[in-house]
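For the sequence shown, counting from 1, position 73 maps to 72 in numbering that gives the first Met the number 0; every step adds exactly one.
Every residue, glycine too, gets a C-beta built ideally from N, C-alpha and C.
Taking it in order: structure first as structure tokens, then the write-up.
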Amino acid sequence: MGSMERAERIRANGLFARELAKIEELEKDRIYCRHGMGHLLDVARIGRIFILEEEADIPCDVMYAAALLHDIGRAEEYESGTPHDEASVRIARKVLEESGYDGEEIEEICLAIAGHRGEADGAGSELAQILKKADKLSRPCYACGARDTCKWPDEKKNLSVVI
Ligand SMILES: [Fe+2]
Ligand SMILES: [Fe+2]
0 MGSMERAERI
10 RANGLFAREL
20 AKIEELEKDR
30 IYCRHGMGHL
40 LDVARIGRIF
50 ILEEEADIPC
60 DVMYAAALLH
70 DIGRAEEYES
80 GTPHDEASVR
90 IARKVLEESG
100 YDGEEIEEIC
110 LAIAGHRGEA
120 DGAGSELAQI
130 LKKADKLSRP
140 CYACGARDTC
150 KWPDEKKNLS
160 VVI
């Protein structure tokens with residue numbers, strides 16, 4: 000396993016922890032998919048499975064950084080309407096600078112976060128593609144009680160065990 004020291008610095012970062020606590024509080028009565036630590040780690044670990052399967056040249060702590068930070072702007076979206084991909088990029092940049100990532104890594108991670116909501120599959124870097132794929136596959140729609148009123152169209156829902 001690659002070093003997870005920088006991923007742990009993200010987890011312990013004050014700005015990250017404050018925003019995550021806000022998300023968890025604002026979503027506590029939400030019946031649809033939540034965006035707390037459980038989701039962020041699901042995405043990180045599924046991403047890591049793809050890295051291993053595809054023998055992708057992406058360090059583990061870069062995958063974890065993209066996953067931990069991709070939805071961190073959700074609280075800002077709930078509070079002020081800023082799209083969360085934009086808010087996440089802004090927050091991610093600060094957290095990554097404080098967690099030991101270099102300039103090139105920060106650009107790559109922020110580009111992947113900026114593209115994680117778009118419709119186009121297969122766009123962007125390998126990291127961007129894996130982040131998007133892992134995010135979508137992380138939701139067990141087949142086990143979700145709110146499935147019938149969810150805004151995801153049926154063809155996008157995960158209706159059987161995939162990963
Ligand atoms: Fe998202
Ligand atoms: Fe997500």
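> Between Glu106 and Trp151, what straight-line distance do the alpha-carbon atoms span, to the nearest angstrom?
Replying inline: As a first step, residue 106 is located in the sequence shown; it is residue number 107 there, counting from the start. As a first step, residue 151 is located in the sequence shown; it is residue number 152 there, counting from the start. Using only the alpha carbons, I get a separation of about 30 Å.
> Is His69 near Ser98, with beta carbons less than 8 Å apart?
Replying inline: Walking along the sequence shown from the start, residue 69 turns up at place 70. Walking along the sequence shown from the start, residue 98 turns up at place 99. No.
>> Can you tell me which residues fall inside 5 Å of ligand 2, judged by beta-carbon distance to its nearest heavy atom, and keep chain order?
In response: Asp70 and Asp134
>> Using CA atoms only, rank isn't needed, just tell me which of Cys143, Glu85 and Ile129 is closest to Arg73.
In response: The sequence position of residue 73 within the sequence shown is 74, counting from 1. Ranking Cys143, Glu85 and Ile129 by Cα distance to Arg73 puts Glu85 first.
> When you compare each of His34, Ala20, Arg29 and Ser124 to Ala111 by their alpha carbons, which one comes out closest?
Replying inline: Position 112 of the sequence shown, counted from the start, is the residue given in the question as residue 111. Taking only the C-alpha atoms, the option nearest Ala111 is Ser124.
>> Closer than 7 Å to a non-hydrogen atom of ligand 1 - does that hold for the CB of Arg47?
In response: Within the sequence shown, the letter at position 48 stands for residue 47. No, the Cβ of Arg47 stays beyond 7 Å of every heavy atom of ligand 1.
>> Extract the residue ranges of the beta strand (DSSP E) inside the stretch 40–116, only unbroken runs of 3 or more that lie entirely within it.
In response: none
> In whole angstroms, what is the alpha-carbon distance linking Ala133 and Ile48?
Replying inline: Looking up residue 133 in the sequence shown gives position 134. Looking up residue 48 in the sequence shown gives position 49. In a straight line, the C-alpha of Ala133 is about 9 Å away from that of Ile48.
>> Please list the terminal residues of the continuous alpha helix (DSSP H) segment that includes Asp134.
In response: Start at 1 with the first residue of the sequence shown, and residue 134 comes out as number 135. Segment Glu125 to Leu136, the alpha helix (DSSP H) holding Asp134.
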